[in-house]
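J.:
Numbering (our numbering), first residue to last: 457 to 872.
(1) Inspect the beta-carbon positions of residue 662 and residue 595 and report whether they are closer than 8 angstroms.
(2) To the nearest angstrom, how far is the alpha carbon of residue 566 from that of residue 748?
(3) For residue 607, tell me which candidate among 479, 780, 528, 666 has the shortest Cα-Cα distance.
(4) How about residue 507 and residue 498: do their beta carbons lie closer than 8 angstroms?
(5) Who are residue 662's beta bridge partners in DSSP?
(6) Under 8 angstroms Cβ to Cβ from residue 813, same chain only, skipping five residues before and after it: list those, please.
(7) Report the rounded CA-to-CA distance for residue 664 versus residue 821, giving the unit in angstroms.
(8) Could you please give the first and the last residue of the uninterrupted alpha helix (DSSP H) stretch that includes residue 503?
(9) Nearest to residue 630 by alpha carbon, out of 644, 640, 597?
(10) Decide if the region 791-800 is in contact with the region 679-695; the criterion is three or more beta carbon pairs, one per stretch, under 8 angstroms apart.
(11) Is residue 848 near the ligand MG, in the sense that its beta carbon is under 7 angstroms from a heavy atom of that ligand?
(12) Taking the Cβ atom as the reference point for each residue, do residue 522 and residue 828 lie within a distance shorter than 8 angstroms?
(13) What are the boundary residues of the beta strand (DSSP E) that residue 777 is part of?
(14) Nearest-angstrom Cα distance between residue 519 and residue 801?
(15) Any idea if residue 774 is buried or exposed, counting beta-carbon neighbours within 10 angstroms, 16 or more meaning buried?
(16) Which one of 683, 724, 474, 834 has the shortest CA to CA distance from residue 853?
(17) Can you grab the Cα-Cα spacing for the pair residue 536 / residue 668, in whole Å?
(18) Does the region 825-840 come within contact of the region 469-483, defined as at least 3 CB pairs closer than 8 angstroms?
(19) Quick one: is residue 463 buried, meaning 16 or more other Cβ sit within 10 Å of its Cβ, or exposed?
(20) Three or more C-beta pairs closer than 8 angstroms, one from the region 564-583 and one from the region 637-651: is that the case here?
(21) Excluding the 5 residues preceding and the 5 following residue 727 in the sequence, name in chain order all residues of the same chain whose CB lies nearer than 8 angstroms to its CB.
(22) Quick one: what's got a C-beta closer than 6 angstroms to residue 530's C-beta in the same chain, skipping five residues either side?
(23) How long is the line joining the alpha carbons of residue 678 and residue 461, rounded to whole angstroms?
(24) Could you name the residues of the same chain whose beta carbon sits closer than 7 angstroms to that of residue 781, not counting the 5 residues immediately before and after it, in chain order?
(25) What are the boundary residues of the beta strand (DSSP E) that residue 686 is part of?
(26) Let's test the definition: count the other Cβ atoms within 10 Å of the Cβ of residue 474 and tell me whether it reaches 16, buried, or not, exposed.
(27) Provide the residue span of the beta strand (DSSP E) that contains residue 601, from first to last.
(28) Taking the C-alpha atoms as reference points, what is the distance between residue 505 and residue 624?
So this is what it looks like as structure tokens:
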């Protein structure tokens with residue numbers, strides 16, 4: 457089975473829609489079912505993954521998803537009127553000045569995201585998930601959210617009876633019938649969006665963005681049985697390398713000294729740590745584990761009980777993977793279109809300071825405007841088109857038995 461991993465954050469999820477739209481146009485999938493029998497999503501990736509799972513035909517699903525993002529308005533996601541923003545600001549000020557004198561704090565987030573529920577409710581027919589599972593088009597949809605009670609990463613899974621579940625030190629998987637609340641909880645960017653209450657067997661708890669504690673985003677798809685994993689990242693590696701090189705070159709005589717970062721830049725780095733760094737780190741881990749398995753098995757299937765010892769509960773195996781990342785810096789795109797943000801919201805964000813262009817990440821997560829999201833859809837579509845032969849081969853070929861050391865860096869493998 458092929459697993460699809462979607463872990464974007466905020467408005468950057470539009471890039472995933474563009475990549476998937478181009479894949480949906482492949483002749484092999486245009487009239488048939490999706491090749492992704494396992495879908496694992498977190499944050500905006502949960503919205504994208506649920507949309508694909510609800511619609512059996514990949515061509516129709518991906519075009520629907522791209523259209524959803526291309527027509528998006530900021531007011532579809534959070535309230536932008538002066539009254540709402542002013543009231544929230546006054547509540548924050550009240551909480552800061554009066555502390556706990558009035559009981560519980562009155563504000564749970566910087567923005568009011570009640571419009572998002574109204575926007576998604578008629579567009580996500582979640583009953584389609586169960587139908588896809590019954591027809592065999594889908595094995596499982598996994599949506600991850602973070603518990604604000606325990607701090608654990610909860611993966612809520614709707615899948616075929618008997619699908620795997622797990623309970624680790626900081627990760628829990630639960631079988632459920634997914635609802636809109638699960639999707640909204642997974643997409644609730646911490647601090648910016650309010651938490652969402654979810655019912656579990658133990659009671660009702662508050663959850664937020666799934667990317668917050670999901671340090672191994674490939675793991676849910678792999679644990680559910682994927683033999684291949686296709687992931688869509690949202691970091692432009694070239695821009696990331698340029699930023700790193702600036703620091704490695706030093707700041708000695710004749711070299712620029714970076715100004716003190718404003719709060720907006722610090723917030724952007726915080727969101728990058730949630731939405732970008734985990735996938736990169738997990739891919740590095742995947743490659744290392746792949747090499748380790750091959751080094752000890754000479755490319756053959758690992759012995760389930762080496763040396764006659766106890767049989768491991770989770771036998772090691774190699775997993776092929778392919779990742780598509782943006783060719784352009786999405787923060788730069790957001791900076792050029794920042795004037796599209798509603799005036800009141802832009803005024804508040806400017807109050808946090810103006811970061812340098814390549815570090816303007818906060819705006820890139822919150823600019824839910826059609827000009828920006830359509831630009832990201834187009835970038836994703838072009839990036840997938842540039843690699844479409846490799847993508848088609850990866851999605852249609854049988855899992856490779858080639859030893860991991862012979863695979864390219866673009867297709868690492870591991871067991872997780």
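Cβ coordinates follow ideal geometry from the N, Cα and C atoms, glycine included.
Small disclaimer: the values here were computed from a predicted structure and weren't measured.
T.: By the coordinates alone:
(1) One thing to note: residue 662 has its Cβ no nearer than 8 angstroms to the Cβ of residue 595.
(2) Rounded to whole angstroms, residue 566 to residue 748 spans 45 angstroms at the Cα level.
(3) The option with the nearest alpha carbon to residue 607 is 666.
(4) Cβ distance not < 8 angstroms, so residue 507 and residue 498 don't count as in contact.
(5) Residue 662 pairs with 653.
(6) Below a pLDDT of 50, predicted positions are generally treated as unreliable, and residue 813, at 49, falls in that range; the measurement from the model is reported next regardless. 787, 788, 791, listed in sequence order.
(7) So the alpha carbons of these two residues sit roughly 16 angstroms apart.
(8) For residue 503, the enclosing alpha helix (DSSP H) starts and ends at 500-510.
(9) Across the set 644, 640, 597, the C-alpha of 597 shows the shortest separation from the C-alpha of residue 630.
(10) No contact exists between the region 791-800 and the region 679-695.
(11) This structure does not include the ligand MG; it has no bound ligands of any sort.
(12) Not in contact: residue 522 and residue 828 (Cβ atoms no closer than 8 angstroms).
(13) Residue 777 -> beta strand (DSSP E) spans 776-780.
(14) Approximately 30 angstroms between the Cα atoms of the pair.
(15) With 16 or more other Cβ atoms within 10 Å, it is buried.
(16) The shortest CA-to-CA distance from residue 853 to any of 683, 724, 474, 834 is the one to 683.
(17) About 25 angstroms.
(18) Segments in contact, yes.
(19) Within 10 angstroms of the beta-carbon of residue 463 lie 16 or more other beta-carbons, which makes it buried.
(20) Yes, the region 564-583 is in contact with the region 637-651.
(21) Listed in chain order, the non-local C-beta contacts of residue 727 below 8 angstroms within the same chain comprise 465, 466, 645, 817, 818, 821, local neighbours out to five positions each way being set aside.
(22) Sequence-distant partners of residue 530 (beyond 5 residues in either direction) whose C-beta falls short of 6 angstroms from its own C-beta, in its chain, are 536, 798, 824, 825.
(23) Answer to the nearest angstrom: the Cα atoms are 10 angstroms apart.
(24) By the criterion of a C-beta distance shorter than 7 angstroms, residue 781 is surrounded in its chain by 689, 691, 692, 693, once the five residues flanking it on both sides are discounted.
(25) Per DSSP, residue 686 is one residue of the beta strand (DSSP E) stretching across 684-688.
(26) A residue is called buried when at least 16 other Cβ atoms come within 10 angstroms of its Cβ; residue 474 meets this threshold and is buried.
(27) Start and end: 596-603.
(28) Distance between the alpha carbons of residue 505 and residue 624 is about 24 angstroms.
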